[in-house]
Amino acid sequence: MSTFAAAASTTSTGEAFQFWVLAVVAVLGALGTVLSKKTVHSALCLAGTMIILAVFYLAQGAYFLGVVQIVVYTGAIMMLFLFVVMLVGITAADSLKETLKGQRWLAAGCGLGFGILLIAGIGNASLDTFAGLGQANAGGNVEGLARLIFTKYVWAFEITGALLITAVVGAMVLTHRERTEERSTQRELSIARVRAGTQVPPLPAPGVYARHNAVDVPGLLPDGTTSDLSVSATLRDRGQIRDVSNEALADLAELEQRSESWLERSAPEVTAPEEASK
Amino acid sequence: MNPVNYLYLAALLFTIGAAGVLIRRNAIIVFMCVELMLNACNLAFVTFSRMHGNLDGQIIAFFTMVVAAAEVVVGLAIIVTMFRSRHSASVDDANLMKL
Amino acid sequence: MSFPLLTVTAALPAVGAIATAAVPAAKRTVAKWSALGFSVATFVLAVIVLVRFEPGGERYQLTESHAWIKDFGVRYELGVDGIGVSLVALTALLIPFIIAAGWHDADPLEDKNPNRRWRPTQGFFALILAVEAMVVVSFEATDVFLFYIFFEAMLIPMYFLIGGFGDQAHEHGDDEAAKQRSYAAVKFLLYNLVGGLVMLAAVIGLYAASADQLGHGTFSLQEILQARAAGKFDLASSTERWLFLGFFFAFAVKAPLWPLHTWLPNAMGESTAPVAVLITAVVDKVGTFAMLRYCLQLFPEASKWATPVILVLAVISIIYGALLAVGQRDIKRLIAYASISHFGFIIMGIFAMTTQGQSGAALYMVNHGISTAALLLVAGFLISRRGSRLIADFGGVQKVAPVLAGTFLIGGLATLSLPGLAPFVSEFLVLVGTFSRYPALGIIATVGIVLAALYVLVLYQRTMTGPVKAGVEGMKDLKVREIAVVAPLIALLLFLGVYPKPLTDIVNPAVGQTLSDVHKTDPKPALEATK
Amino acid sequence: MENLIGLLVAVPLLGAAILLTGGRRLDRIGHWLGTILAAVSFGIGAVLFFDMLGKSGEDRAMYSHLFSWVPVGGFQADIGFQLDQLSMTFVLLISGVGTLIHIYSIGYMEHDERRRRFFGYLNLFVAAMLLLVIADNYFLLYVGWEGVGLASYLLIGFWQNKPSAATAAKKAFLVNRVGDVGLSIAIMLMFTTFGTFSFQPVLAHAGDASEGKLTAIGLMLLLAACGKSAQVPLQSWLGDAMEGPTPVSALIHAATMVTAGVYLITRSGAIFNGAPDAQVAVVTVGAVTLLFGAIVGCAKDDIKKALAGSTMSQIGYMIMAAGLGPIGYVFAIMHLVTHGFFKAGLFLGAGSVMHGMNDEVDMRKYGGLRTYMPVTFITFGLGYLAIIGFPGLSGFFSKDKIIEAAFAKGGTEGWILGGAALLGAAITAFYMTRVMLMTFFGEKRWEADAEGHEPHPHESPKSMTIPMIVLAFGSVFAGGLFSLNSSFLKWLEPVTGHEEGHSPLSATTVTAGTMVVLVIGVALAWLMYGRRAVPAVAPRGSLLTRAARRDLLQDDFNHVVLVRGGEHLTRSLVYLDHSLVDGAVNGTAAGVGGLSGRMRKLQNGYVRSYAVSMLGGTAVLIAATLLMRAV
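Protein chains in written order, with our numbering: chain D, 1 to 278; chain F, 1001 to 1099; chain X, 2001 to 2531; chain V, 3001 to 3631.
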């Protein structure tokens, strides 16, 4: 690994090659994060970018950070994101259509100008001498960081500890829902249901027909139509109901065909699946 | 190659993130974009630390991560609560700051 | 170090304000008496200051000096010269009368619910004392920054006094009165705030100038004066002029000088008579006083440079104010415009840059305070009896209330500066002082004398003489409290009119020093006659 | 002795203070107190007078310096008194006539519930007037000057419930104030010229000053004199001043206050001597006024207004005499004193008539009163003879001298002035005879008034008649006494100086001429009012008559030009102050308000637009730093 950190004002071709390849990917990932319709996709793109950044850290001799980046960011934080996406992601598919008047143009303008300025700034800053981390990492990168953290930055370190604790408590307070009344028993619930008069019997079970036991398959009502009630609300909202009634009816029809032909009898006209699914 | 390119990359990423913050309505994605910006900064820090040949830059980057973690925790919690209260994660729905 | 007399004099009313405000809501009378007690105690202290002050001694006496904000060279410096000490005395003298005159002005009206949390009475008197404290400090301060702070802080209590406690007497009923009142209060605040902010810029500029002239920035008046005397402090004329204008603008708004005067009639018209007295007789004096102390002493050259314009504005104020006073339908507004005319005289005297002019101006501040107080307070009694401020609603009052009419007439005569009453001396001094350097202006200004007679006598004729108007018949004559308020003021007017020497002895040295600051000497008479 | 001088002022002032602040408990003794105090100050004056007689001519003047009043730099005003023969003459006149009129008022104001206050004001007036004449510097004189103005304001407006009275009082004060401006400017000029304004140094060094300055001072003093002495063009207030109670008219507007102008000019003789142009102005004013007043006097039917016109014209004589310079000063003062006697007497007589006629003032409603009120008739008659200059009575001596002096001025100027004086004498004879005839002769013309009670004329009480008698004595003998081996001349000469004018006409010629015009005037009046019956309602009369009834349209001029114009000016200024000065400020306020109203639209509450502005801001900052580093 020391080869990575060696470079002074220029880097090894290896690193250069690696940079040019990965940088492109990282940018693509970033764009993906911003532009993809579905939250999950942007989360994944972000994760990718982060991993690439981790590689860059390693490449620049920040071994500890590189690892932390992978473990903490990509491992923990992104997962946290995904959890929340699952919790919240019902409206995940949000249109990219702009509602605020002129917001997009402003955003484009500011972003562009900002970027240009930033790059210009870097450009005309004289940054060609790179000391490299050779002797800084001599005693080992982790030890070096540790020495700094526990000497020079110990105060800040303590503060961050406090910050983290506060954050945890804050998160708990925010998300914790205080239960104000006694948890209602089944009896009370049933009574309430009868009172309300809606859906007194239990909900129909999904996946009737032996060949289907998946929860995303709605059950069929006696008339052959499907009952969305039989599928969990989440799936319903996500529009992830797999409607199998048609093929089921098709199989049925085929079965009867076969039996008729075996019995040398004219089969009765099979109701078209469309009408059946009405 | 001159390592300055890392900085250019950082700038680019940062800008993309910023743009994302500006144009996306979904709070979660906005958040991710913020994370992206933070990461861009970290990259810059690491590059600087390499440039100066000492580890302070990395330390700062490290602190940034910690703070980012805390921020994400609280932020996501807020998003969840917001979603609970108004069944939407769109930042535009919360414009109570309007005069 | 010696006993901090000046600090105590300023602090006592402040303490009084807190104490008065702390009185429980039910105990209204207690609050009144405590306010009166504190103000009287302050007056006693002021008298002690007056006695301890030796005329012709040090320029600034009874000085106190402590570092306050080291980083900006702000010091807590107090000290009084002849003019300052007499104005401190004036303030301390007037406040008890103001309080006594406003004894019932802040009583809650019956129809409002009695047990409300807001305590107007306590607030009223506490605010008056607060104003007194701030005014006293600004008369005593010899540190520009310290002065500035209190010069501005004054506005806050005044704002509430004007906006919160107007008299209900308005031609269009209470709601209209309230609306007018808040308008007046806001106008007052904005005008003075703008002036103050401009001044703040100039104050900072002064600090910067001193920083690069003396090496360390300072706000201390004395230090700057000594530095100039030693030739170490010498501003470029352009800088000096800008700074001067910054200061002068603020003071001209406060004074007020035409055309920055329009806030005064509103403020005085809408507020109760005692508060109006507070405005015109006490608070506005800070403006003219500050011209004399800061504009002239800090920026002598610029003052001389601006003199012609200022004098013309002052003369305009004199004539203009008098003419508008003639045209008013509202007693208090009339008096307000009369005051504008008088402030014109004061400013003219200050910038005539002659001994007579400036001594006259200094006397004028004191005399105008007393005379206007007398006139306005009587007018207040009159208005509160009739429940109207319109001149047209009165007539034949002297028939039913001769004492009231008599005191009103004396106040009026003092306002038109009749010989034998104090204002005459000061007005004539101002005129002579101006005339001896700018004859034309002096002569134009004398027109103001005739106009003064006009508006005062017209006011007296319309309100007091003639057949008794409807609504005036049942009018009661002055009560003992009211006479106790007015009589001492009148006595003082007579005394200072006949024997102003004590006052002039205190004021003259200060004026002499100011004139030497601006390097001006009185013009010599055409031929020296043997005295 | 010198210490007594202050008391002259202090005593009546004390009286005023007591009476005005004393309250109702003094109502019963108030008038006596006032009268006694006035008498006391007359007594003091007498004592000083005899003390003065004891000394030789030159060192008769007494000085007393009380304390330094307004010491500011070169401006040193003191409270100090100077009592020389000139002042002494006035002191005796003022306190003497004053006392008499106090006594008279006891009876005259008997039925007025505010009598105490009236006496307070009278005392105040006496004090102020005495201060005016014994002050030793112009600044202190100014105090007395305005003091008498105040007293006259209070007394004219004494019956304040009469709007006419209140207005008249205000008018009097205002017109006087205009004059006072003249005086104050004169004082300023003296200060800038001489560095002082005490009589002695100023008058001593008057010669050294440039003529231009002296002329300016003189004209300003003349303006002051015009205001106080009701000379053209500031005479308009005197007629209205008759709204006051008659004793006031007698004391202030006939005998004393209105003569203050003459005092001022005579006192400042040294200045006028050095400024011929100013003197010309003075004599012109005097001549014009003496004709003006006389003409007005001819037309008035109100007895007091007629007398007021006569006062104006007599003071015109004095001013003219004073304007003649050293040849006239003494006679001006002499006429002033005699006039003080007979004019006061005439007014008191008029008052007594009114007293008997339920305050009826219209002479056309009198007639034949001589039988009803003999004492009044005789005293009034003597006063009448005195004023028209009947040989041997006081008016004869003083007025004759003035006319001589006028001729003695020499040149065409002398002829003009003399002619004017003679004409004035003729008119005086005419209108006074008219008054006399309309009031006391002919048949009775009064009838029951609206309430139906007929006036039954009766003689006035002793308290009123005695002063009239005393004054009548004065008006008969004073003149003779004064001109007895020209004692008055000798008495005043040390102060005013005197030089004999060389008249183109001999004294006897002048006297003869005076007699002739006198006879003509009387005869004319008798033809018009004595032979024919006087119509009870005034005939329309000639254009001049109608103009004269309206004070020769002078008031109308004031009304149109000053009052109306002033009203318009103030009204438009009030409007401008509101719309322009105030409007500018309010406009700015409105503008700012509107702007902020637009600005607040930016606060739309959308996080993202806030974010945009943040980013933009950052961009700007970066750009700024870059630029900074670039330059």
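Think of the CB as a built atom: it goes at the ideal place given N, C-alpha and C, for glycine as much as any other residue.
Terminal residues of the alpha helix (DSSP H) in which residue i lies
i          : result
Met3363(V) : Counting along the chain, Met3363(V) falls outside any alpha helix (DSSP H), and DSSP gives it neither H nor E.
Phe3292(V) : Pro3276 to Ala3299
Glu2077(X) : Not the alpha helix (DSSP H): Glu2077(X) falls in the beta strand (DSSP E), residues Val2074 to Val2080.
Phe3049(V) : Gly3030 to Leu3053
Trp3643(V) : This structure leaves residue 3643(V) out entirely; chain V is present only between 3001 and 3631.
Asn2508(X) : Lys2501 to Asp2517
Met3468(V) : Lys3462 to Ser3483
Beta-carbon contacts of residue i that lie in its chain and below 7 Å, excluding the five residues immediately before and after
i          : result
Leu2190(X) : none
Gly3297(V) : Ala3306, Gly3309, Ser3310, Ser3313 and Tyr3431
Thr2239(X) : Ala2209
Lys2399(X) : Val2468
Residue i and residue j closer than 8 Å at C-beta
i          : j          : result
Leu2094(X) : Val2277(X) : yes
Phe3331(V) : Gly3474(V) : no
Lys3170(V) : Gln2461(X) : yes
Ile3271(V) : Gly3218(V) : yes
Ala2153(X) : Met2134(X) : yes
Contact set for residue i: own chain, Cβ-Cβ below 6 Å, skip 5 residues either direction
i          : result
His2368(X) : His2342
Asp3555(V) : Ser3236
Asp2234(X) : none
Outcome for residue i when other beta-carbon atoms lying within 10 angstroms are tallied against a minimum of 16
i          : result
Lys3401(V) : buried
Ala1068(F) : buried
Leu3621(V) : exposed
Ala2229(X) : exposed
Thr2521(X) : exposed
Ser2303(X) : buried
Ile191(D)  : exposed
Terminal residues of the beta strand (DSSP E) in which residue i lies
i          : result
Leu2062(X) : Gln2061 to Ile2069
Leu3066(V) : Met3062 to Val3072
Ile3079(V) : Phe3075 to Leu3083
Same chain, Cβ closer than 8 Å to residue i, neighbours up to 5 away in sequence not counted
i          : result
Leu203(D)  : Leu229 and Ser230
Arg2329(X) : Leu2390, Ile2391 and Ala2392
Asp1093(F) : Arg1086
Lys2187(X) : Thr2262, Trp2263, Asn2266 and Ala2267
Leu3154(V) : Tyr3121, Leu3124 and Ala3169
8 Å Cβ cutoff, residue i in contact with chain F
i         : result
Phe150(D) : no
Within-8 Å CB hit, residue i to chain V
i          : result
Ser2341(X) : no
Val2326(X) : yes
Gly2466(X) : yes
Leu35(D)   : no
Ala2526(X) : yes
Beta carbon proximity, residue i to chain D, threshold 8 Å
i          : result
Ala1091(F) : The residue asked about is misnamed: residue 1091(F) is Val in this sequence, not Ala. Chain D contact via Cβ: absent.
Val1030(F) : no
Chain C contacts from the segment 3598 to 3629 of chain V (Cβ-Cβ distance under 7 Å):
Any reference to chain C falls outside this structure, whose protein chains are D, F, X and V.
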